[in-house]
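Remarks on the structure that follows.
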Amino acid sequence: MGNSGESAPKVRYLVVKEDADGQRVDNFLLARLKGVPKSWVYRVLRRGEVRVNKGRVKPTRRLRIGDEVRIPPLRTSQRDNTRGPGAGLRQRISDSILYQDRDLLVIDKPSGIAVHGGSGVSFGVIEVLRTLYPDAPYLELTHRLDRDTSGCLLLAKRRPALQQLQKLQLAGRVEKRYLALLAGRWRKERMTADAPLQKNTLRSGERVVRVDPLGKEAITHFRVLQRFGRAMLVEARLETGRTHQIRVHAAHLGAPILGDEKYGDEQANRQLRALGLKRLFLHAWKLDFPWQGRPSGYHFEAPLPPELKACLDKLS
Numbered sequence: 078m079g080n081s082g083e084s085a086p087k088v089r090y091l092v093v094k095e096d097a098d099g100q101r102v103d104n105f106l107l108a109r110l111k112g113v114p115k116s117w118v119y120r121v122l123r124r125g126e127v128r129v130n131k132g133r134v135k136p137t138r139r140l141r142i143g144d145e146v147r148i149p150p151l152r153t154s155q156r157d158n159t160r161g162p163g164a165g166l167r168q169r170i171s172d173s174i175l176y177q178d179r180d181l182l183v184i185d186k187p188s189g190i191a192v193h194g195g196s197g198v199s200f201g202v203i204e205v206l207r208t209l210y211p212d213a214p215y216l217e218l219t220h221r222l223d224r225d226t227s228g229c230l231l232l233a234k235r236r237p238a239l240q241q242l243q244k245l246q247l248a249g250r251v252e253k254r255y256l257a258l259l260a261g262r263w264r265k266e267r268m269t270a271d272a273p274l275q276k277n278t279l280r281s282g283e284r285v286v287r288v289d290p291l292g293k294e295a296i297t298h299f300r301v302l303q304r305f306g307r308a309m310l311v312e313a314r315l316e317t318g319r320t321h322q323i324r325v326h327a328a329h330l331g332a333p334i335l336g337d338e339k340y341g342d343e344q345a346n347r348q349l350r351a352l353g354l355k356r357l358f359l360h361a362w363k364l365d366f367p368w369q370g371r372p373s374g375y376h377f378e379a380p381l382p383p384e385l386k387a388c389l390d391k392l393s
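Mapped onto the numbering used here, the consecutive letters of the sequence shown carry residue numbers 78 to 393.
In structure tokens:
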């Protein structure tokens with residue numbers, strides 16, 4: 078047999094440095110194997126082909142400085158057959174960056190883009206940002222937004238920054254405020270939903286969240302900003318951060334978010350679609366938190382997207 082000229086793929090060994098201390102092994106691999114399918118990374122982890130200090134590990138294993146990570150042979154075809162995020166998607170995410178420094182990166186996430194790949198989505202915000210910043214050794218989401226929700230999304234660029242943010246979130250010191258258009262009317266200007274939430278998976282595989290006494294504590298504070306005929310614009314402030322929290326709590330209080338196909342009012346959604354509302358009217362408007370060495374802390378604001386603003390103008 079003749080030599081094809083291509084050298085056989087080899088096992089690689091990487092030693093964990095300070096920038097990856099505490100990072101999950103799956104994220105460590107995804108950040109370093111650009112263009113490699115997530116399915117391949119999880120497959121080799123499942124088979125035990127990825128080793129840390131010669132031992133098998135789960136994807137959630139946190140790495141420490143000095144750990145030696147064994148990466149199995151990667152054939153060039155596994156890279157070449159994988160297309161990265163398209164130029165259009167990369168441009169949309171690049172244009173949505175609101176702020177960055179050595180610790181943090183904040184984007185105004187567009188509606189319709191997931192925060193990470195999976196569940197039928199090839200690329201999310203985190204994968205796109207890792208291709209935009211190939212030399213950034215550490216880039217992690219600090220919280221999540223639903224795919225159809227737009228607005229402020231915060232990422233950490235260094236491990237110590239992520240740790241500081243996690244402590245602030247546990248202490249309830251990261252203030253998140255959202256704008257939502259709700260179907261219906263409340264007599265009061267302020268409403269609080271204090272109702273525990275439980276995740277459920279339907280037979281179809283669809284994930285839904287329901288108010289359930291056995292669920293996790295969840296508190297949302299609503300304040301009415303503007304009233305229309307049969308709708309109202311509210312500000313929602315989260316005291317806890319559960320999956321679909323604002324959407325489920327708004328529906329629980331009898332005024333679901335317009336454009337919400339999972340928890341919403343189908344007839345009200347249809348009426349608003351006629352006015353041009355083709356998405357969930359939920360926008361992560363403001364993000365405020367203190368920061369060590371920064372007396373005034375951080376304050377981020379994402380303006381209401383044009384399509385949501387146009388909907389309010391038509392209602393007015």
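Every residue gets a Cβ at the ideal spot worked out from N, C-alpha and C, and that includes glycine.
Note that this is a predicted model, so its numbers are computed, not measured.
Original post:
If you draw a straight line from the alpha carbon of R324 to that of Y90, how long is it in whole angstroms?
Top reply: Answer to the nearest angstrom: the Cα atoms are 45 angstroms apart.
**OP:** Count the other CB atoms, across all protein chains shown, that sit within 10 Å of the CB of Y413; report buried if there are 16 or more and exposed otherwise.
**Re:** The shown model of the chain, from 78 to 393, leaves out residue 413, and the question about it has no answer.
Subject >> Contact set for P136: own chain, Cβ-Cβ below 7 angstroms, skip 5 residues either direction >> reply: The residues are R101, V102, D103, Y119, L122.
Original post:
Under a three-way DSSP split, which group does D103 fall into?
Top reply: Helix at D103.
**OP:** Return helix, strand or coil for D394, following the three-state DSSP convention.
**Re:** This structure does not reach residue 394, given that the chain is present from 78 up to 393, and the question cannot be answered.
Original post:
Are the beta-carbon atoms belonging to E252 and D178 less than 7 angstroms from one another?
Top reply: Their beta carbons are not under 7 angstroms apart, which means E252 does not touch D178 by this criterion.
Original post:
Between which two residues does the alpha helix (DSSP H) harbouring L209 extend?
Top reply: In the DSSP annotation of this structure, the continuous segment of the alpha helix (DSSP H) that includes L209 starts and ends at 202-209.
**OP:** Check whether the Cβ atoms of V286 and H321 lie closer than 7 angstroms to each other.
**Re:** Yes.
**OP:** Just the C-alpha distance for M78 and F105, rounded to the nearest angstrom, thanks.
**Re:** For M78, the predicted structure reports a pLDDT of 45, less than 50, and the residue's modelled location is therefore unreliable. The matter cannot be settled from this model.
**OP:** Determine the DSSP secondary structure at H360, reduced to helix, strand or coil.
**Re:** Correct three-state label for H360: strand.
Subject >> Helix, strand or coil at W117 according to DSSP, with G and I counted as helix >> reply: Helix.
**OP:** Starting from the Cα of K293, find the closest Cα among L357, G165, E316 and give me that residue.
**Re:** Looking at the Cα atoms, E316 is the closest of the given residues.
Subject >> N277 versus E266, S393, L291, R264, residue with shortest Cα-Cα distance >> reply: When only C-alpha atoms are compared, the closest one is L291.
Subject >> Under the three-state DSSP convention, the category D365 falls into >> reply: Three-state DSSP puts D365 in a strand.
Original post:
Would you report the Cα separation of P273 and I296, rounded to the nearest angstrom?
Top reply: When only Cα atoms are considered, P273 and I296 end up about 8 angstroms apart.
**OP:** Please list, in chain order, all residues of the same chain as L395 whose beta carbon is under 7 angstroms from its beta carbon, the five residues on each side excluded.
**Re:** No answer is possible for residue 395: the residues shown for the chain start at 78 and end at 393.
Original post:
DSSP state of T153, grouped into three classes?
Top reply: Bear in mind that a pLDDT of 46 at T153, under 50, signals an unreliable position, so the model cannot answer this.
Subject >> Integer Cβ distance of L335 from N346, believed to fall under 8 angstroms >> reply: The beta carbons of L335 and N346 sit about 6 angstroms from each other, so the pair counts as a contact at 8 angstroms.
**OP:** Kindly list the residues whose CB is nearer than 8 angstroms to the CB of V134, restricted to its own chain and excluding five residues on each side of it in sequence; keep chain order.
**Re:** Within its own chain, the residues whose Cβ lies closer than 8 angstroms to the Cβ of V134, once the five positions on either side in sequence are excluded, are V102, L122, V127, R128, listed in chain order.
**OP:** For V92, count neighbouring C-beta atoms within 10 Å of its own C-beta (all shown protein chains included) and say buried if the count is 16 or more, exposed if not.
**Re:** So V92 ends up on the exposed side.
Original post:
Given 8 angstroms as the limit, is there contact between the stretch 228-244 and the stretch 260-271, that is, 3 or more CB pairs closer than that?
Top reply: Too few Cβ pairs lie closer than 8 angstroms, so no.
Subject >> Buried or exposed by the 16-neighbour rule on C-beta atoms within 10 Å, applied to F202 >> reply: First, the residue type needs correcting, since residue 202 is Val and not Phe in the sequence shown. Buried: at least 16 other Cβ atoms inside 10 Å.
Original post:
Going by C-alpha distance, which of R147, Y340, A108 is nearest G125?
Top reply: R147 is the residue among R147, Y340, A108 whose C-alpha sits nearest the C-alpha of G125.
**OP:** Following the continuous beta strand (DSSP E) through V288, name the residue where it begins and the one where it ends.
**Re:** Segment 284-288, the beta strand (DSSP E) holding V288.
Original post:
Ordered along the chain, which non-local residues of its own chain (more than five positions away) have a Cβ less than 8 angstroms from that of H329?
Top reply: Excluding positions up to five away in sequence, the list reads A270, A272, V288.
Original post:
Would a C-beta distance cut-off of 7 angstroms place L218 and V192 closer than the cut-off?
Top reply: In this structure, L218 sits near V192, with a CB-CB distance shorter than 7 angstroms.
Subject >> Spatial distance of G143 from S116 (CA atoms) >> reply: Rounded to the nearest angstrom, the two C-alpha atoms are 27 angstroms apart.
Original post:
Helix, strand or coil: how does DSSP classify L122 here?
Top reply: Residue state, collapsed to three classes: helix.
Subject >> 8 angstroms CB neighbourhood of V183 in its chain, flanking five on each side removed >> reply: Same-chain partners within the cutoff: I174, L175, Y176, Q177, C229, L230, L231, L232, L364, F377.
Original post:
Where L352 and A332 are concerned, what is the direct C-alpha to C-alpha distance, given to the nearest angstrom?
Top reply: Per the coordinates, the alpha-carbon of L352 lies some 19 angstroms from the alpha-carbon of A332.
**OP:** Give the DSSP bridge partners of S188, in chain order.
**Re:** Its beta-bridge partners do not exist; DSSP assigns none.
Original post:
Helix, strand or coil for R109 per DSSP?
Top reply: Residue state, collapsed to three classes: helix.
**OP:** Could you tell me the distance, in whole angstroms, from the CA atom of L279 to the CA atom of E204?
**Re:** Answer to the nearest angstrom: the Cα atoms are 28 angstroms apart.
**OP:** In the DSSP assignment, find the unbroken alpha helix (DSSP H) run with E343 in it and report its ends.
**Re:** Judged by DSSP secondary structure, E343 falls within the alpha helix (DSSP H) whose first and last residues are 343-350.
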